[in-house]
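**Student:** Residue numbers (our numbering): 1 to 186. Every residue, glycine too, gets a C-beta built ideally from N, C-alpha and C.
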């Protein structure tokens, strides 16, 4: 029993080291991509992710974890000083969130991703930069974007929508934009 317990503790120690190493490598990769996406989306500025450590309550007798307790997002939009996220405008917060999401999706791309009104708080120039990154990421991930923004819709390959005619009946519409452009040229 003692030998089995020692063996289990040894395996757990090895797993902890492996997980910490993989976490650190992934965190650093996400941090690099977050900085790049932030700079692209904001057309300048700087951002970084920092790991935070948890408070250890020495009275409870728990063993302090080697893993961080959380992640802090530190941003400095162009022409501004470093700010807490709560002090940013709605559009700025949306861009910071998009930069972080895009970094995560780039490091570990899923087969598809659903974005619902992510571009709602953005102005036209920000939506253009947002769509440029989205198009690059769409090489490895299929995006389904729910939006009312015409700039985002113009960048789509296929549009699905609901329309109501004069008879008050809703109809599902779908259109491949490449086919619509060809038809519109005639």
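For residue 258 and residue 160, what's the separation of their Cα atoms in angstroms?
**Tutor:** Outside the shown range of the chain, which is 1 to 186, sits residue 258, and nothing can be said about it.
**Student:** Have a look at residue 94 and residue 7 and give me their C-alpha separation to the nearest angstrom.
**Tutor:** Rounded to the nearest whole angstrom, the C-alpha separation of residue 94 and residue 7 is 48 Å.
**Student:** For residue 176, which residues does DSSP report across the bridge?
**Tutor:** 158
**Student:** Start and end of the alpha helix (DSSP H) containing residue 115?
**Tutor:** That residue, residue 115, is in no alpha helix (DSSP H); its beta strand (DSSP E) goes 112 to 116.
**Student:** Which class does residue 70 belong to by DSSP, given the choice of helix, strand or coil?
**Tutor:** strand
**Student:** Rounded to a whole number of angstroms, what is the C-alpha to C-alpha distance between residue 98 and residue 140?
**Tutor:** 17 Å
**Student:** Going straight from the alpha carbon of residue 5 to that of residue 69, what length do you get?
**Tutor:** 28 Å
**Student:** Using beta-carbon positions only, say whether residue 151 and residue 131 come within less than 8 Å of one another.
**Tutor:** yes
**Student:** Determine the closest residue to residue 133 out of 101, 116 and 148, with distance taken between C-alpha atoms.
**Tutor:** Of 101, 116 and 148, the smallest CA-CA separation from residue 133 is found for 101.
**Student:** Considering only C-alpha positions, which residue in the set 164, 153, 49 and 108 is nearest to residue 28?
**Tutor:** 49
**Student:** Quick one: grab the DSSP three-state call for residue 47.
**Tutor:** strand
**Student:** With respect to the alpha helix (DSSP H) encompassing residue 169, which residues constitute its N-terminal and C-terminal limits?
**Tutor:** Taken as a continuous stretch (DSSP letters only), residue 169 belongs to no alpha helix (DSSP H), as it is neither H nor E.
**Student:** Over what stretch of residues does the beta strand (DSSP E) that includes residue 142 continue unbroken?
**Tutor:** 142 to 146
**Student:** Residues in its own chain within less than 8 Å of residue 148 by CB, not counting five upstream and five downstream?
**Tutor:** 117 and 120
**Student:** Could you say if the stretch 103 to 110 and the stretch 13 to 30 meet the contact criterion of at least three C-beta pairs nearer than 8 Å?
**Tutor:** yes
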